[in-house]
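**Q** Chains as they are written, first to last, in our numbering: chain A, 144 to 396; chain B, 144 to 396.
There are 2 protein chains.
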Amino acid sequence: MVLDRHPFLQRLSQHVELAANDIAKLESIIEREISVRRKHELVVAGSEYRKLCFVKDGNAVRYQMLRNGKRHILDVILPGDVIGVPNSFYERAAYPVIAVNSLTISVCRLDDYLELCYQRPQFAFALCWLALQEATTHAERVIGHSRRTPVEQLSHFILEVHARLRSVGLAKEETFALPFSQEIIADLLGLSTPHLNRVMQQLKSQELVAGGDGQLKILDRETLKSIAHYDPPELLPIPLAKAGLPSKQVAIL
Amino acid sequence: MVLDRHPFLQRLSQHVELAANDIAKLESIIEREISVRRKHELVVAGSEYRKLCFVKDGNAVRYQMLRNGKRHILDVILPGDVIGVPNSFYERAAYPVIAVNSLTISVCRLDDYLELCYQRPQFAFALCWLALQEATTHAERVIGHSRRTPVEQLSHFILEVHARLRSVGLAKEETFALPFSQEIIADLLGLSTPHLNRVMQQLKSQELVAGGDGQLKILDRETLKSIAHYDPPELLPIPLAKAGLPSKQVAIL
DNA sequence: CGCCCCGTTGAAATGAGTCAAGCCTTGTGG
DNA sequence: CCACAAGGCTTGACTCATTTCAACGGGGCG
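(1) Do T336 (chain A) and Q325 (chain A) come within 7 Å of each other at the CB atom, strictly closer than that value?
(2) What are the boundary residues of the beta strand (DSSP E) that H215 (chain A) is part of?
(3) Let me see if you follow: with CB-CB separation under 7 Å, is L351 (chain A) close to chain B or not?
(4) Considering only residues of the same chain and omitting the five flanking positions on each side of L331 (chain A), which have a CB-CB separation below 6 Å?
(5) Quick one: which chain A residues come within Cβ less than 7 Å of C271 (chain B)?
(6) Taking the C-alpha atoms as reference points, what is the distance between L152 (chain A) and G355 (chain B)?
(7) Can you tell me whether V228 (chain A) is buried or exposed, with buried defined as 16 or more other CB within 10 angstroms of its CB?
(8) So, is E277 (chain A) buried or exposed, given that buried needs 16 or more other C-beta atoms within 10 angstroms?
(9) Any residues in the stretch 283–313 of chain B with a beta carbon nearer than 8 Å to a beta carbon of chain A? Which ones, in chain order?
(10) Exposed or buried, what is D224 (chain B) when buried is set at 16 or more other beta-carbons lying within 10 Å of its beta-carbon?
(11) Consult DSSP for K182 (chain A) and reduce its assignment to one of helix, strand or coil.
(12) Quick check on DSSP: helix, strand or coil for S298 (chain B)?
(13) Any beta-carbon of chain B closer than 7 Å to the one on F232 (chain A)?
(14) Quick one: using the 10 Å Cβ neighbour count with 16 as the cut-off for buried, is G121 (chain A) buried or exposed?
(15) Thinking just about the alpha-carbon of each residue, which of B:V204, B:A236, B:V179, B:D218 is nearest to the one in L188 (chain B)?
(16) Please work out which residues of its chain come closer than 6 Å, Cβ to Cβ, to S298 (chain A), disregarding the five sequence neighbours upstream and downstream, and give them in chain order.
(17) Classify P239 (chain A) as buried or exposed, calling it buried when 16 or more other Cβ atoms lie within 10 Å of its own Cβ.
(18) Against chain A, with Cβ distances strictly below 7 Å, would G333 (chain B) count as a contact?
(19) According to DSSP, simplified to helix, strand and coil, what is V304 (chain A)?
(20) Could you work out which residue in B:R193, B:A282, B:R148, B:E234 is closest to N230 (chain A) when comparing CA atoms only?
(21) Taking C-beta pairs closer than 8 Å, name the residues in chain A that R210 (chain B) reaches, listed in chain order.
(22) Which residues of the stretch 336–365 of chain B have a Cβ closer than 9 Å to any Cβ of chain A? Give them in chain order.
(23) What whole-angstrom Cβ distance do H158 (chain A) and I381 (chain A) have, given they're in contact under 8 Å?
(24) Does I327 (chain B) pass the burial test, meaning 16 or more other C-beta atoms within 10 Å, or should it be called exposed?
(25) For C196 (chain A) and chain B, any beta-carbon pair shorter than 7 Å?
(26) What residue from A:L346, A:L257, A:R154 has the CA that sits closest to V294 (chain A)'s CA?
(27) Comparing C-alpha positions only, which one of A:A384, A:V198, A:S156 sits nearest to R175 (chain A)?
(28) Just the Cα atoms here: how many angstroms apart are A242 (chain B) and V204 (chain A)?
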C-alpha cells in the first residue's frame, strides 16, 4: 500500500474518519513517490507549480528572498505536511520550497486532487482544514514576531514543532529531533543568528530545555508553555455528510 | 434579494462563476442581517462561535491580547470578508473580533454552510480559497514583521488595503477611505503608535502618499510597490466540475 | 588533510520602544 | 450655544534590546 501509515493520513485521521475506499481513491491519484536531496529546490519561485506533495519523511522550508538579500522563512515543513499549499493554488508559485535534509514525498497532480474533491467533498474539507491550520500557524507567527519577546518566540517554536511531530508519531513524550540549524530558526523567527544563539542558551541555562546535536529535550513544559503563551486552538472535526440526503447524493460523497 | 450586490459575492465571483441557484441556495441559509455598533465585540475569546458573518459594510479587527497587556491585531476586516474564518472552526474562538465602526453583516450558521458544501462542493472550495487568502495575508504579514522595515511595512499595508477595497468596489483608482486609527495600524504592524506616526510622515514627506482625515491618496504607486516588495500572488480560479460526470452529479454542482 | 557548515563569542552602532506632554478635532451635555 | 471631555495625532528625549560585523573553534565529509 502506497499510503500505508503515511504521516499525512495520520494527520488527516485526527480530523476526519476515512473509509478504506476513500484512502484507495487518494492512493489512485498518487503519481509516484520521490526522494529529494538536501538543498534541492522543490518549488521554484515564479514557476507554475501544480502538484501536491505529501511529505512522508524529511524536512523542508518555505521561504522568501527579499531585495536586500535577506531570507525569510515562512514555515518549516515536517512529515505529514503538504507541499503545494498554498503555492499550487497561485498562477505562479510565490514561495520557493527547499529541502533541508533528504526528503521523501508522495506526489499527485493538483487537478486530480481537485477532481477528487468534487467526487468526495470530504477531501475538499481536508484541504480547507489544512489551509486553516496554515493560516493559524502563520497567525501565531505574526503575533510572535511583533509582540512576543525572542525568548517567548523560541519557546513557542519549540512547543509547536514538538506538537506537530508528536501528531505524526515522530516525537517522544518530551524529546525530539530538531532538524533545523540555528540559522534556519533565526530566519523563521526573524532574529539574527547570534541573537538566536544567545536566546537558546538562556533557555538552557534556565533549565527549561536541554539538548544539542539535533536533539532537544523539554525539561519544564509548564513554564515553557506559560512563557510562550502557548495554547493551541483545536480544530473541529470535519463534518460528515448528513444522513438524510437522497441516496444518489450519499453515493458520491 | 438579501445578497444582491453583496461585497462577499463580488469577491467570490472573482474566483468562481456562481449560478443563480447557487446564490439562491446561499441566500436560503442566511439567518438574518444585523448591525453591530462601534467597539462592540462580535466574537468573544474562548466562547464557542459557530457562525459565518459576511461583512456587508463597515470594519472590524481580529486581535489577541497578550499577558503583558499588549494587544496585537491579526487582521483588519473589510467589507467582503467573512467573520468566523477561522474562529468558528475551533472548539473555542481563539481570536476576538471587535467592530471599529458600525458594521452590517449577513449571518448564517456554520453547520448550514458546511451542509451546503456537501450539496455543492464549490462552496467548500470557496471556503478553501478564503482560508488560502487568509493564510497568504498572514504570510505577508509575517514577512513584514520580521524582515521588512517599518516604511516597507506601512507601504505594504496601504497597498494591500487599497487592493482589498478595490476588489469590492470601495476604492477609487488611487484614493480610498482608510477607516483605521494609527493606533490600530500600529498594533497590526507591530509598531508603537509614535513610531508609526513618524513613518507615516516619512511616506508623506517623500510624496508617496497624501491624505489625512481618514482619506488616503496614493501618489506614486510604482515607487510604493517597489519599496513594499508588493507583488500579490494571484489565486487560480476555482475549478468547475468535470463535464464528463454523470448528469445526476452535474445537477448538484 | 582541508574545507565548509554550524555554533559560539565579543564589541560597537542604531533603530525602535517607552514615557510624557501638548494639540486639534469631534461630539456631547449643560 | 458654549464648554468640556475624549480620542486621535504629533513631538521630543532617553534607554536599551537587537543588529551588524568580525573572528574563532569544532566536527563531519569529501
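Glycine residues also receive a C-beta, built at the ideal position from the N, C-alpha and C atoms.
The structure displayed is predicted, hence computed values, not measured ones.
**A** On the basis of the data shown:
(1) What you label residue 325 (chain A) is simply residue 182 of the first sequence in a count that begins at 1. What you label residue 336 (chain A) is simply residue 193 of the first sequence in a count that begins at 1. Taking 7 Å as the cut-off, the Cβ atoms of Q325 (chain A) and T336 (chain A) count as close.
(2) As a position in the first sequence, residue 215 (chain A) is number 72, starting the count at 1. Here the beta strand (DSSP E) through H215 (chain A) covers 214–220.
(3) As a position in the first sequence, residue 351 (chain A) is number 208, starting the count at 1. False, the Cβ-Cβ gap to chain B never drops below 7 Å.
(4) Residue mapping note: residue 331 (chain A) aligns to position 188 of the first sequence, counting from 1. Here the set comprises I216.
(5) Your numbering for residue 271 (chain B) matches position 128 in the second sequence. Under the 7 Å cutoff, chain A gives A267, L270, C271, A274.
(6) Reading the first sequence from its first residue, position 9 is the one you call residue 152 (chain A). Reading the second sequence from its first residue, position 212 is the one you call residue 355 (chain B). In this model, L152 (chain A) and G355 (chain B) are separated by some 53 Å (Cα to Cα).
(7) Counted from its first residue, the first sequence places residue 228 (chain A) at position 85. Buried, because 16 or more other Cβ atoms sit within 10 Å of the Cβ of V228 (chain A).
(8) Counting from one through the first sequence, the residue named residue 277 (chain A) turns up at place 134. Buried, by the Cβ-count rule.
(9) R284, V285, I286, H288, S289, R290, R291
(10) Translated into positions along the second sequence, residue 224 (chain B) becomes position 81. Around the beta carbon of D224 (chain B), a 10 Å sphere encloses 16 or more other beta carbons of the protein chains shown; the residue is thus reported as buried.
(11) One-based indexing of the first sequence puts residue 182 (chain A) at position 39. Reduced to three states, the DSSP call for K182 (chain A) is coil.
(12) Translated into the one-based positions of the second sequence, residue 298 (chain B) becomes position 155. DSSP places S298 (chain B) in helix when its eight states are reduced to three.
(13) Position 89 of the first sequence, counting from 1, holds the residue named residue 232 (chain A). Yes, F232 (chain A) counts as interfacial toward chain B.
(14) There is simply no residue 121 (chain A) to check, as chain A begins at 144 and stops at 396 in what is shown.
(15) Taking the second sequence and counting its residues from 1, the one referred to as residue 188 (chain B) is at position 45. Here the sequence assigns Ala to residue 188 (chain B), which means Leu is not the residue at that position. Cα-wise, what sits closest to A188 (chain B) is B:A236.
(16) Taking the first sequence and counting its residues from 1, the one referred to as residue 298 (chain A) is at position 155. Scanning its chain for C-beta atoms nearer than 6 Å, with the 5 sequence neighbours on each side dropped, one finds around S298 (chain A) the residues L367, I370, A371, in chain order.
(17) Along the first sequence, read from residue 1 onward, the residue named residue 239 (chain A) stands at position 96. Buried.
(18) In the second sequence, residue 333 (chain B) corresponds to position 190, counting from 1. So yes, G333 (chain B) belongs to the interface.
(19) Within the first sequence, numbered from 1, the residue matching residue 304 (chain A) stands at position 161. Looking at V304 (chain A) - three-state DSSP - the assignment turns out to be helix.
(20) Stepping through the first sequence from its first residue, residue 230 (chain A) is reached at position 87. Selected option, being the one with the closest Cα: B:A282.
(21) Looking up residue 210 (chain B) in the second sequence gives position 67. What R210 (chain B) touches in chain A: H372.
(22) none
(23) Residue mapping note: residue 158 (chain A) aligns to position 15 of the first sequence, counting from 1. Residue mapping note: residue 381 (chain A) aligns to position 238 of the first sequence, counting from 1. Contact holds; Cβ gap of about 5 Å.
(24) Reading the second sequence from its first residue, position 184 is the one you call residue 327 (chain B). I327 (chain B) counts as buried, since no fewer than 16 other beta carbons sit within 10 angstroms of its beta carbon.
(25) Along the first sequence, read from residue 1 onward, the residue named residue 196 (chain A) stands at position 53. Chain B, which has no Cβ nearer than 7 Å to the Cβ of C196 (chain A), makes this no.
(26) By one-based count along the first sequence, residue 294 (chain A) stands at place 151. For V294 (chain A), the nearest C-alpha among the options comes from A:L346.
(27) Counting from 1 along the first sequence, the entry for residue 175 (chain A) is found at position 32. Here the closest residue by C-alpha is A:V198.
(28) On the second sequence, position 99 is the one that residue 242 (chain B) refers to. On the first sequence, position 61 is the one that residue 204 (chain A) refers to. Going by the C-alpha atoms only, they are around 36 Å apart.
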